[in-house]
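Student: Each number in my numbering comes from the position in the sequence shown (counting from 1) with 944 added on. All C-beta atoms in this analysis are idealised placements derived from N, C-alpha and C, irrespective of residue type, glycine included. Fair warning: this is a prediction, and the values are worked out from it, not measured in the lab. Questions regarding the structure given below will be posed in turn.
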Amino acid sequence: RLPLIFSGLTEVNTTNLVVGVATAGTLGVTTLSSGSLAVTNNTTVGGALTVTGTLVSGDATVSALNVSGVSTLGVTSFTGAVEFGSDLVFGDNITLRIGNETDGDLRLFHSGNTSFIKDAGTGNLNLDTNGSAIVFTKNESEDLAKFITDGAVELYYNNSKKFETTSSGVDVTGRLSATGSSGYGLV
């Protein structure tokens, strides 16, 4: 490898490019049109870094990173907003951890058979909406439960409403069974 000094270089058309500086510093390369880019020696890229090939490895500090295509990033830290133009895909048994950086206070993952939302923090797991309801469904078509804002709670059995809270109490559709209770009033 030969040490090269570029001034004002903004685009490189190559199959593979290894970039870096002898010591930590700034590199002016901002666009790689094809192939792979390997970053070495804790390189800082001035401005946005756009890679249409593959970002291979290394430590880089960039003010904006634009990647199209499939890229694998190892341990990555973002301090600003991160935007995705398409799906963010996680494989089975990969956990999305939010909160505590060691274990994640909130975890979302799929085991291969079962999907999980896990609250591993010290507080509550709250579902909050300013919409008209929180709705649980099966296959987006069969109602399981509805929690209607400023209104009823509805519980379903096989897509048939069986229990609903109302302003005056509770409505039950079908038979109500109670065991071991003594009470008074209407049943």
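Let me know if K1090 comes out buried or exposed under the rule of 16 or more other beta-carbons within 10 Å of its beta-carbon.
Tutor: Within the sequence shown, the letter at position 146 stands for residue 1090. K1090 comes out buried.
Student: Based on the DSSP secondary-structure assignment, which residues constitute the bridge partners of K1090?
Tutor: Looking up residue 1090 in the sequence shown gives position 146. Its beta-bridge partners are V1079 and E1098.
Student: By the three-class DSSP mapping on this structure, what secondary structure does G964 have?
Tutor: Along the sequence shown, one-based indexing puts residue 964 at 20. Low local confidence applies: a pLDDT of 48 at G964 is under 50, so the model's placement there is unreliable, and no value is given.
Student: L1050 and G1043 look like a contact to me (Cβ under 8 Å); what is the Cβ gap, rounded to whole Å?
Tutor: Counted from its first residue, the sequence shown places residue 1050 at position 106. Counted from its first residue, the sequence shown places residue 1043 at position 99. Going by Cβ atoms, the distance from L1050 to G1043 rounds to 5 Å, so yes, they are a contact pair.
Student: Looking at the unbroken beta strand (DSSP E) that takes in R1119, where does it start and where does it end?
Tutor: Here residue 1119 refers to the residue found at position 175 when the sequence shown is read from its first residue. That residue, R1119, is in no beta strand (DSSP E); it is neither H nor E in DSSP.
Student: Mapping the DSSP letters down to three states, classify T1109 as helix, strand or coil.
Tutor: Locating residue 1109 in the sequence shown gives position 165, where the first residue counts as 1. In the structure shown, T1109 sits in a strand (DSSP, three-state: E or B).
Student: If you follow the beta strand (DSSP E) that I1061 is part of, which residue opens it and which one closes it?
Tutor: Position 117 of the sequence shown, counted from the start, is the residue given in the question as residue 1061. Residues S1059 to D1063.
Student: Going by CA-CA distance only, name the one from N1068, E1098 and D1063 that's closest to A1077.
Tutor: To locate residue 1077, count along the sequence shown from 1; it is residue 133. Cα-wise, what sits closest to A1077 is E1098.
Student: From E1084 to Y1100, what distance separates their C-alpha atoms?
Tutor: In the sequence shown, residue 1084 corresponds to position 140, counting from 1. In the sequence shown, residue 1100 corresponds to position 156, counting from 1. C-alpha separation (whole angstroms): 14 Å.
Student: Closest to N1037 by CA distance: which of G1048, D1031, D1047 and F1060 is it?
Tutor: Reading the sequence shown from its first residue, position 93 is the one you call residue 1037. For N1037, the nearest C-alpha among the options comes from F1060.
Student: Could you tell me the alpha carbon to alpha carbon distance between S1121 and A1064, rounded to whole angstroms?
Tutor: In the sequence shown, residue 1121 corresponds to position 177, counting from 1. In the sequence shown, residue 1064 corresponds to position 120, counting from 1. Looking at the two C-alpha atoms, the distance is approximately 36 Å.
Student: Would DSSP call L1032 helix, strand or coil?
Tutor: Stepping through the sequence shown from its first residue, residue 1032 is reached at position 88. Here L1032 sits in coil by DSSP.
Student: Does DSSP classify D1115 as helix, strand or coil?
Tutor: As a first step, residue 1115 must be located in the sequence shown, where it is residue number 171. Three-state DSSP puts D1115 in a strand.
Student: Relative to the alpha-carbon of T1110, which residue among T1123, G1118 and D1094 has its alpha-carbon at the smallest distance?
Tutor: Here residue 1110 refers to the residue found at position 166 when the sequence shown is read from its first residue. Of the candidates T1123, G1118 and D1094, the one whose C-alpha sits nearest the C-alpha of T1110 is D1094.
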